[in-house]
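Data block below; observations after.
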Amino acid sequence: MHQYWFFIGNFPIRAYSTLFALAFILGVGVTLYFTKASGKEGYLDNMMDLAPLLLIGGLVGARFWQVFFFDWHFYSHHPGQIIAIWHGGLSIQGGVVGALIAGWIYARKKKLPFWELADLAAPGLILAQAIGRDANLMNGDAFGGPTGGNFGLLYPAGTIARDTFGNKPLWPAEVWEGQFDVILFAFLVILKLRKWPSGVLFLTYIALYNLARFFLEYLRGDSPRFLFHWTAAQWSSVVAVVLAVILMIWRIYRARGEKGAAGGEQPDDQN
5 MHQYWFFIGN FPIRAYSTLF ALAFILGVGV TLYFTKASGK EGYLDNMMDL
55 APLLLIGGLV GARFWQVFFF DWHFYSHHPG QIIAIWHGGL SIQGGVVGAL
105 IAGWIYARKK KLPFWELADL AAPGLILAQA IGRDANLMNG DAFGGPTGGN
155 FGLLYPAGTI ARDTFGNKPL WPAEVWEGQF DVILFAFLVI LKLRKWPSGV
205 LFLTYIALYN LARFFLEYLR GDSPRFLFHW TAAQWSSVVA VVLAVILMIW
255 RIYRARGEKG AAGGEQPDDQ N
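Written out as structure tokens, the structure is:
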């Protein structure tokens, strides 16, 4: 685990920043690939236009979630750190919300099918999240709590994890989450082998990621806990899973209704 790759003079090249950039580039590349592979070449230009908007929306949402929902106690006493995203502190859940809002506004303005675009973006998004957890590992944030034994991750001096727990082995919460993200990426790719109602693929990603995140949060050691001893991420996960399941049922029933209506139409010469 190294927070810095090297220095150019006094300017540090941070592992967190470079891996974050890599996550964005590969996530966009995967999205463009699946857009073309799905026969949606007409959306390629839209996806390229969307990419920087989703990045900006995601960064704003991720920082907002981290500052005001996850760690307001710290940032209320250190307001100068609110804009210091290069030190870490970006909530994936908030980033998804921010990107969703940006994508919905773009799709509405351009009169494009929002759910179809969301399905195309889902695999690239979860792959980017997996790489993002590597960034957390290198930076020593998003860490687990003490394992209570002689096994776990030992973070180097200078990381938030080491400053918080000292020389105690910690649960590899961010590592396991990144590994789950890779599994979910593969699962979404498999799901793309058949036709689903628009929105189902993206909502499956939302539901499964947040379900896994809920349980992994029990191992985290960097977040304050509230009612039921849950973290803000767990409360966010519960809301996300419930909304995703409701919306998925709605999308499936709507698609069946549209299919039934189309199947019930008769040619004009038979009326």
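So the sequence shown is numbered by my numbering: it starts at 5 and just counts up by one.
Positions of the beta carbon are idealized from the N, C-alpha and C atoms, including for glycine.
Keep in mind that this is a model prediction, so the values were computed, not measured.
Asked: With a CB to CB cut of under 8 Å and the five nearest residues on each side skipped, what residues in its chain are close to Ser-227?; Found: Phe-74, Asp-75, Glu-221, Thr-235, Ala-236, Ala-237
Asked: Secondary structure at Thr-22, three-state DSSP: helix, strand or coil?; Found: helix
Asked: According to the neighbour-count rule (16 or more other Cβ atoms, all chains shown, within 10 Å of its Cβ), is Ser-241 buried or exposed?; Found: buried
Asked: Whose C-alpha, out of Gly-203, Val-245, Ala-244, Phe-232, is nearest the C-alpha of Trp-254?; Found: Gly-203
Asked: How should Gln-70 be labelled, buried or exposed, when 16 other C-beta atoms within 10 angstroms of its C-beta is the threshold for buried?; Found: buried
Asked: How would you call Ile-17, buried or exposed, if buried means at least 16 neighbouring beta carbons within 10 angstroms?; Found: exposed
Asked: When we look at the beta-carbon of Gln-133 and count the other beta-carbons within 10 Å, is it buried (16 or more) or exposed?; Found: buried
Asked: Apply the 10 Å Cβ neighbour rule to Ser-80 and answer buried if 16 or more other Cβ atoms are within range, or exposed otherwise.; Found: exposed
Asked: Could you give the distance in angstroms between the alpha-carbon of Ile-20 and the alpha-carbon of Gln-97?; Found: First, the residue type needs correcting, since residue 20 is Tyr and not Ile in the sequence shown. Roughly 18 Å between the two C-alpha positions.
Asked: Kindly indicate which three-state DSSP category Tyr-209 falls into: helix, strand or coil?; Found: helix
Asked: Going by DSSP, what residues sit across from Leu-174 in a beta bridge?; Found: Pro-150, Leu-157
Asked: Would you check if the segment 160-169 and the segment 189-196 touch, i.e. whether three or more CB-CB distances between them fall below 8 Å?; Found: no
Asked: Spatial neighbours of Met-52 within its chain, please: CB distance less than 7 Å, with the 5 preceding and 5 following residues excluded, ordered by chain position.; Found: none
Asked: Only counting the same chain, and skipping five residues up and downstream in sequence, which positions put a Cβ closer than 8 Å to that of Leu-188?; Found: Ile-130, Tyr-209, Leu-212, Tyr-213, Ala-216
Asked: Is it true that the CB of Asp-138 sits closer than 7 Å to the CB of Leu-23?; Found: yes
Asked: My output table needs one value for Ile-17: the three-state DSSP class, helix, strand or coil.; Found: strand
Asked: Return the residue from the list Phe-218, Glu-262, His-233 that minimises the CA-CA distance to Val-245.; Found: Phe-218
Asked: Leu-121 and Tyr-47 look like a contact to me (Cβ under 8 Å); what is the Cβ gap, rounded to whole Å?; Found: 7 Å
Asked: When the distance is taken between beta carbons, is Gly-99 closer than 7 Å to Gly-153?; Found: no
Asked: So Phe-147 packs on Ala-177, CB below 8 Å; how close in whole Å?; Found: 7 Å
Asked: My guess is that Pro-127 and Val-32 are in contact by the Cβ rule of under 8 Å, so how many angstroms apart are they, rounded?; Found: Not quite, the Cβ-Cβ distance comes to about 12 Å (not below 8 Å), so this is no contact.
Asked: Just to check my reading of the structure: Phe-28 and Leu-59 have Cβ atoms closer than 8 Å, yes? What is that Cβ distance to the nearest angstrom?; Found: 6 Å
Asked: Looking at Gly-13 and Gly-61, is the spacing between their C-beta atoms short of 7 Å?; Found: no
Asked: For Gly-162, which residues in the same chain have their Cβ closer than 7 Å to its Cβ, ignoring the five residues on either side in sequence?; Found: Gln-7
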